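Number of protein chains: 2
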Amino acid sequence: MPDLAFEDFVPGTVTTYGRHEVTREEIVSFASQFDPQPMHLDEGAAAQSMLGGLAASGWHSCGIMMRMMVDNMLGGSRGMGSPGIDEMRWLRPVRPGDVLSVRQTILEARPSAKKADRGYVKFRFELLNQAGEVVLEEVNSIIFGRRTQEALA
Amino acid sequence: MPDLAFEDFVPGTVTTYGRHEVTREEIVSFASQFDPQPMHLDEGAAAQSMLGGLAASGWHSCGIMMRMMVDNMLGGSRGMGSPGIDEMRWLRPVRPGDVLSVRQTILEARPSAKKADRGYVKFRFELLNQAGEVVLEEVNSIIFGRRTQEALA
Chain W
1 MPDLAFEDFV
11 PGTVTTYGRH
21 EVTREEIVSF
31 ASQFDPQPMH
41 LDEGAAAQSM
51 LGGLAASGWH
61 SCGIMMRMMV
71 DNMLGGSRGM
81 GSPGIDEMRW
91 LRPVRPGDVL
101 SVRQTILEAR
111 PSAKKADRGY
121 VKFRFELLNQ
131 AGEVVLEEVN
141 SIIFGRRTQE
151 ALA
Chain L
154 MPDLAFEDFV
164 PGTVTTYGRH
174 EVTREEIVSF
184 ASQFDPQPMH
194 LDEGAAAQSM
204 LGGLAASGWH
214 SCGIMMRMMV
224 DNMLGGSRGM
234 GSPGIDEMRW
244 LRPVRPGDVL
254 SVRQTILEAR
264 PSAKKADRGY
274 VKFRFELLNQ
284 AGEVVLEEVN
294 SIIFGRRTQE
304 ALA
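Protein chains in written order, with the working numbering: chain W, 1 to 153; chain L, 154 to 306.
In structure tokens:
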């Protein structure tokens, strides 16, 4: 994994990464623990719901996307965490058999006004299915350590 | 569980519910699957991080809150899903041994402009620890079926 620092995130850059094939078993397992609503647990009940068939909890989709972000970008980076999510939209159901990946767009990068050793990078993360459709869109900032400070030290 | 419909959500109403005691095992288990960053997996690495000690993945906190929402409010309701999250802030670390509950505030309720059988309820959900501190704050809308339509039918 690359040693990504604040300086490495250039606004406008678009990257696509990750591959995760969704199974019925993991949809039901996640929902049983965190979101036991019928449309995430049972095909019959799901068919009668707005989702029109068994689909993953929206929070499960967030977890799947996070894992691909860690495996392909955050892991090994100078990431220091995130203050939160500016906006998130669940746009389409995630079904068993879907093959998901992440499209990452860097929206903004600004040094911290208070702490010289770090900066905020604002991203748009989109979770894509095998048809290239966006199933989940999320805008959020992540804090990264700055490399520049080393040269100044 | 009560049969909660759109009409039952009155703006200004504040409710507190749920109880979940967080374990080290579940923090590590969730992080291993969805967010394998050192501060969620290993005490030593976590002590060196911004979190200052082992803490749950922010997405794990979201899942814990969702489960309490389903068990105490959404389950048995006429909930039809959510379009997304307007804003979410991770405010404090969630540690092993923390005892969490949910404070729910109804911000707004408006009938759907397009579909007469449903309406949108906008909530603020706060995840509280045993000290009454807010560890996670989330604003989002949930769609609920309307009871009124039955009388009109």
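The C-beta atom is built at its ideal place from N, Cα and C for all residues, glycine as well.
Here the structure is a predicted model, which is why all the values come from computation and not from measurement.
Assignment of W/Phe34 by DSSP, reduced to helix, strand and coil, places it in the helix class. Burial is judged here by how many other beta carbons sit within 10 angstroms of a residue's own beta carbon; L/Val255 has at least 16 and is buried.
Distance check between L/Gly234 and each of L/Gln283, L/Ala184 and L/Val274 places L/Val274 closest, using alpha-carbon atoms only. Burial of L/Met241 is indicated by the presence of at least 16 other C-beta atoms within 10 angstroms of its C-beta.
Minimum Cα-Cα distance from L/Lys267 among the listed residues L/Arg277, L/Gly232, L/Glu179 and L/Ile296 corresponds to L/Ile296. When C-alpha distances from W/Phe9 are compared across W/Leu100, W/Leu128 and W/Arg78, the shortest belongs to W/Arg78. W/Arg147 does not reach chain L, its nearest Cβ partner there being about 18 Å away, counting only Cβ pairs nearer than 9 Å. Closer than 8 Å to the CB of L/Gln190 there is at least one CB belonging to chain W. For L/Phe187, a Cβ of chain W is located within less than 8 Å of the residue's own Cβ. Looking at the DSSP output, W/Glu138 sits in a beta bridge with W/Met88 and W/Phe125. For the stretch 231-247 of chain L, the beta-carbon criterion of a distance under 9 Å to any beta-carbon of chain W is satisfied by Gly232, Met233, Gly234, Ser235, Pro236, Gly237, Ile238, Asp239, Glu240, Met241, Arg242, Trp243 and Leu244. Under the three-pair Cβ rule at 8 Å, the stretch 244-253 of chain L counts as touching the stretch 170-177 of chain L. Excluding residues up to 5 positions away in sequence, Phe30 lie with their Cβ nearer than 8 Å to the Cβ of W/Gly63 in the same chain. Rounded to whole angstroms, the gap between the alpha carbons of L/Phe276 and L/Met221 is 15 Å. Within its own chain, the residues whose Cβ lies closer than 6 Å to the Cβ of L/Tyr170, once the five positions on either side in sequence are excluded, are Asn225 and Val255, listed in chain order.
Inter-segment contact for the stretch 203-210 of chain L and the stretch 185-192 of chain L is present: three or more beta-carbon pairs are separated by less than 8 Å.
With respect to L/Phe278, L/Glu261 sits apart: the two C-beta atoms are not nearer than 8 Å. Going by DSSP, W/Glu21 is part of no alpha helix (DSSP H) but of the beta strand (DSSP E) stretching over Val14 to Glu21. DSSP, reduced to helix, strand and coil, places L/Gln201 within a helical segment of the structure shown. Listed in chain order, the positions of the stretch 35-60 of chain W with a beta carbon within less than 8 Å of a beta carbon of chain L are Asp35, Pro36, Gln37, Met39, Ser49, Met50, Leu51, Ser57, Gly58 and Trp59.
Close CB contacts of W/Trp59 within its chain, under the 7 Å cut and outside five residues either way in sequence, are with Phe34 and Asp35 (chain order).
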